[in-house]
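Enquirer:
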């Protein structure tokens, strides 16, 4: 071992020992915390001092949070917090009061506290953490020799133990997802409603008003046509001009709803058309073999459009590069301009609107805009492109591939000759035994062996289908057909 | 007499176009309503000119444009006038890309003015071009910062714009209230500044300008 590797090795070991020491010292604190928890619970439910409960829970959560971080830093095992999503802040009723059960409050303080209390009390994670608090000192005691003698191994075992009680359960994961989805849905619905209102206003103030004017002009023409044909002719010309203006107006509104090129050609050409009409020098590079869903295309299009107009209006840019590509099933858009930078989404300027639009698809936007430029905006929309051409679907590991191949190659043998054909031979009492295993055995074993062979054969076929299907359901759904129930590699 | 093919999916508009063209002495050989029918009609009937809507069934995307491009790739210079509810530089550039002329691209609104519309159809049938003023404005705008164009005088720009729409010297002089010789002088100036070879033929001259704008 060379001196330098020896030094790094010792450094790593020393750090691991540091973690072990920290964890062992925490054990003492845990004992104290556990005692105080028991006392708090007694005070809460025996003496009615319920206000102590949230403090206590917060203290435990601080302690477990610290442990999660220590475990992650020392072993790389990531333990996500398992808590249910926090309740939203109380909303006042129409009379401005806040309701909590049957009581009305003037301020949101009490209802908020009460919601918090209920949230902590009903969360299973709270009670799992209490159990962890009780058991953890004992586990540490039991693991102490391993932790001290073999820190890396010991820390790993300890990490796995922590995952058991501090990690999220499927239920809490699901609850988190549900609350995230409902938040995103509300956002999407709000955005859409705002769009609808804007369109309604545009139509109301623009096209609708113009059509009314045209109708009135035509009415006047109807009255004038006999008495003053010359004036009527003039008015008709006016009506025609007004109808042309209405069409122009409608075209503008339509562009704001769903640009025609986007509908006709898809994202790539729509962005190219946008680039041509832009006052900036825009180079567009699109690498998308297939079209994404219409809402995704629209969100991406409006995002690029907003960024281009931002670059021209606020950024002082002259040159912009737009790069759109698919990364597996993710859509990746990068817009770079040579403006003076310093873009900040919190200062409005449309970036917030883009974020809202992207949020409906779990999309994220990263802005890198140092003062003096250049500004690079990267947007990623995860899992929005069709799966079937995403190249990164999980592959079967080699051993599973070999196993599946072996099963397909051999399952016919027990099922047909050794199973079904043997059964037919036995039923019709054919004297030949050929190579059918069951027929060479004593009489009482023959039927059980035949049945076993059939079950074995069917089982092997089922396994041959189930292994790839379980390995990657998405890929199996994409590639398998009823006549070809597997996929290659 | 000019043989015309009309492709438009909305019944009212299709009938309107047919009547309008018949009233102006065209013979309407076919009035189709979908992309595949259009392509078949273009290739089999070889009409003297076709009036084609961009958005047609079955996909209601750019079926008409694709059919026009496909037909012109097989029969170069087949005269086609494309109509659309919206005009895009992108589509205009695609239509102009082969540089063989006999092409038009207009907003549907232009049908309102029957004389001008029929004039545009005649021009395309005769191998000329008819580009919507809006397209030309966009093409010029995206070329605005290029050296030779920036050097044009405002009057020359007006002439260039009118010329790019596909108008003859006579029509330009009428529109801009100039004498024909003044227009000729401006055109010569424009061609010199853009470095294009001068030509007396109206159509070829317009094509040169459009090809120039399209190449940027």
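Protein chains in written order, with our numbering: chain A, 24 to 512; chain B, 125 to 340. C-beta: ideal position from N, C-alpha, C; glycine also. Since the structure is predicted, the reported quantities are computational estimates derived from the model, not experimental observations.
Hey, does residue 2 of chain A have any beta-carbon neighbour from chain B nearer than 9 Å?
Expert: The displayed coordinates of chain A run from 24 to 512. Any statement about residue 2 of chain A would go beyond what the structure contains.
Enquirer: Using three-state DSSP, classify residue 325 of chain B as helix, strand or coil.
Expert: If DSSP states are grouped into helix, strand and coil, residue 325 of chain B belongs with coil.
Enquirer: Flag residue 541 of chain A as yes if its beta-carbon sits less than 9 Å from any beta-carbon of chain B, otherwise no.
Expert: Nothing in the structure corresponds to residue 541 of chain A, since chain A is present only between 24 and 512.
Enquirer: Looking at the secondary structure, which residues open and close the alpha helix (DSSP H) in which residue 294 of chain A lies?
Expert: Unbroken alpha helix (DSSP H) run through residue 294 of chain A: 290–300.
Enquirer: Quick one: measure Cβ to Cβ for residue 486 of chain A and residue 430 of chain A, integer angstroms, because I've assumed they're closer than 8 Å.
Expert: 6 Å between Cβ atoms; contact.
Enquirer: Quick one: any contact between the region 178–192 of chain B and the region 258–277 of chain B, if contact means 3 or more CB pairs under 8 Å?
Expert: They do not touch, by the three-pair rule.
Enquirer: So with CB distances below 8 Å, who are the chain A contacts of residue 185 of chain B?
Expert: The answer, in chain order, is 286, 287, 288.
Enquirer: State the start and end residues of the unbroken beta strand (DSSP E) segment that holds residue 347 of chain A.
Expert: First-last of the beta strand (DSSP E) with residue 347 of chain A: 342–350.
Enquirer: Report all residues from its chain with a CB closer than 7 Å to the CB of residue 310 of chain B; omit the five preceding and five following residues, and keep chain order.
Expert: For residue 310 of chain B, where only same-chain residues beyond five positions count, the Cβ hits under 7 Å are 279, 280, 283.
Enquirer: Closer than 8 Å by beta-carbon distance: list the chain A residues that pair up with residue 262 of chain B, in chain order.
Expert: Those are 299, 300, listed as they occur along chain A.
Enquirer: To the nearest angstrom, how far is the alpha carbon of residue 349 of chain A from that of residue 355 of chain A?
Expert: Those two C-alpha atoms are separated by around 6 Å.
Enquirer: Using a C-beta to C-beta distance shorter than 7 Å, which residues of chain A count as neighbours of residue 360 of chain B?
Expert: Summary: the structure shown does not reach residue 360 of chain B, with chain B confined to residues 125 through 340, and so no result is reported for it.
Enquirer: In its own chain, which residues sit with a C-beta less than 7 Å from the C-beta of residue 153 of chain B, not counting the 5 before and 5 after it?
Expert: If we look at residue 153 of chain B and ignore the five residues flanking it on each side, its Cβ neighbours are 127, 128, 129, 169, 171.
Enquirer: Can you grab the Cα-Cα spacing for the pair residue 130 of chain A / residue 72 of chain A, in whole Å?
Expert: Answer to the nearest angstrom: the Cα atoms are 22 Å apart.
Enquirer: Tell me whether residue 241 of chain B is buried or exposed, calling it buried when 16 or more other Cβ atoms sit within 10 Å of its Cβ.
Expert: Under this definition residue 241 of chain B is a buried residue.
Enquirer: For the alpha helix (DSSP H) containing residue 306 of chain A, name the first residue and the last one.
Expert: Unbroken run through residue 306 of chain A is the beta strand (DSSP E), 304–310; no alpha helix (DSSP H).
Enquirer: Starting from the beta carbon of residue 267 of chain A, find every residue of chain B whose beta carbon is closer than 7 Å, and list them in chain order.
Expert: Here the neighbours are 233, 236.
Enquirer: Quick check: is the beta carbon of residue 271 of chain A nearer than 9 Å to any beta carbon in chain B?
Expert: It does: the Cβ of residue 271 of chain A has a partner Cβ on chain B nearer than 9 Å.
Enquirer: Given a limit of 8 Å on CB to CB distance, which residues of the region 305–328 of chain B reach chain A?
Expert: The region 305–328 of chain B vs chain A, Cβ under 8 Å: nothing.
Enquirer: Enumerate in chain order the residues of its own chain whose CB-to-CB distance from residue 185 of chain B is below 8 Å, with the five nearest sequence positions on each side excluded.
Expert: Counting only Cβ-Cβ distances below 8 Å, and skipping sequence neighbours, we find 179.
Enquirer: Based on the DSSP secondary-structure assignment, which residues constitute the bridge partners of residue 504 of chain A?
Expert: Per DSSP, A/507.
Enquirer: Relative to the C-alpha of residue 90 of chain A, which residue among A/220, A/42, A/107, A/468 is closest?
Expert: Here the closest residue by C-alpha is A/42.
Enquirer: Between residue 460 of chain A and residue 479 of chain A, what straight-line distance do the alpha-carbon atoms span, to the nearest angstrom?
Expert: For residue 460 of chain A and residue 479 of chain A, the distance between alpha carbons rounds to 14 Å.
Enquirer: Would you say residue 146 of chain A reaches chain B, if we count a Cβ-Cβ gap shorter than 9 Å as a contact?
Expert: It does not: the Cβ of residue 146 of chain A has no partner Cβ on chain B nearer than 9 Å.
Enquirer: With a threshold of 9 Å between beta-carbons, can residue 240 of chain B be considered close to chain A, or not?
Expert: False, the Cβ-Cβ gap to chain A never drops below 9 Å.
Enquirer: Quick check on residue 8 of chain A: does DSSP put it in helix, strand or coil?
Expert: Nothing can be reported for residue 8 of chain A: it is not among the residues displayed for chain A, which extend from 24 to 512.
Enquirer: Between residue 273 of chain B and the rest of its own chain, which residues show a CB-CB distance below 6 Å, the 5 nearest in sequence each way excluded?
Expert: Here the set comprises 267.
Enquirer: Would DSSP call residue 353 of chain A helix, strand or coil?
Expert: Residue state, collapsed to three classes: strand.
Enquirer: Touching or not, the region 271–289 of chain A and the region 227–245 of chain A, by the rule of three or more beta carbon pairs under 8 Å?
Expert: The answer is yes - the region 227–245 of chain A touches the region 271–289 of chain A, with three or more Cβ pairs under 8 Å.
Enquirer: Below 9 Å between beta carbons is the criterion; list the residues of the region 190–218 of chain B that meet it against any residue of chain A, in chain order.
Expert: The region 190–218 of chain B vs chain A, Cβ under 9 Å: 208, 209, 210, 212, 213, 214, 215, 217.
Enquirer: Mark residue 210 of chain B as exposed unless 16 or more other C-beta atoms lie within 10 angstroms of its C-beta, in which case mark it buried.
Expert: Looking at its Cβ environment, which holds 16 or more other Cβ atoms inside 10 Å, residue 210 of chain B is buried.
Enquirer: Tell me, please, whether the CB atom of residue 504 of chain A is closer than 9 Å to any CB atom in chain B?
Expert: So, not an interface residue.
Enquirer: Comparing alpha-carbon positions, which option in A/402, A/470, A/476, A/344 lies nearest residue 437 of chain A?
Expert: The shortest Cα separation from residue 437 of chain A among A/402, A/470, A/476, A/344 belongs to A/476.
Enquirer: Leaving out five residues before and five after residue 338 of chain A in sequence, what residues of the same chain have Cβ atoms less than 8 Å from its Cβ?
Expert: The residues are 360, 362, 363, 364, 366, 396, 398.
Enquirer: Does DSSP classify residue 402 of chain A as helix, strand or coil?
Expert: Strand.
Enquirer: Please classify residue 205 of chain A as buried or exposed, where buried requires at least 16 neighbouring CB atoms within 10 angstroms.
Expert: Classification for residue 205 of chain A: exposed.
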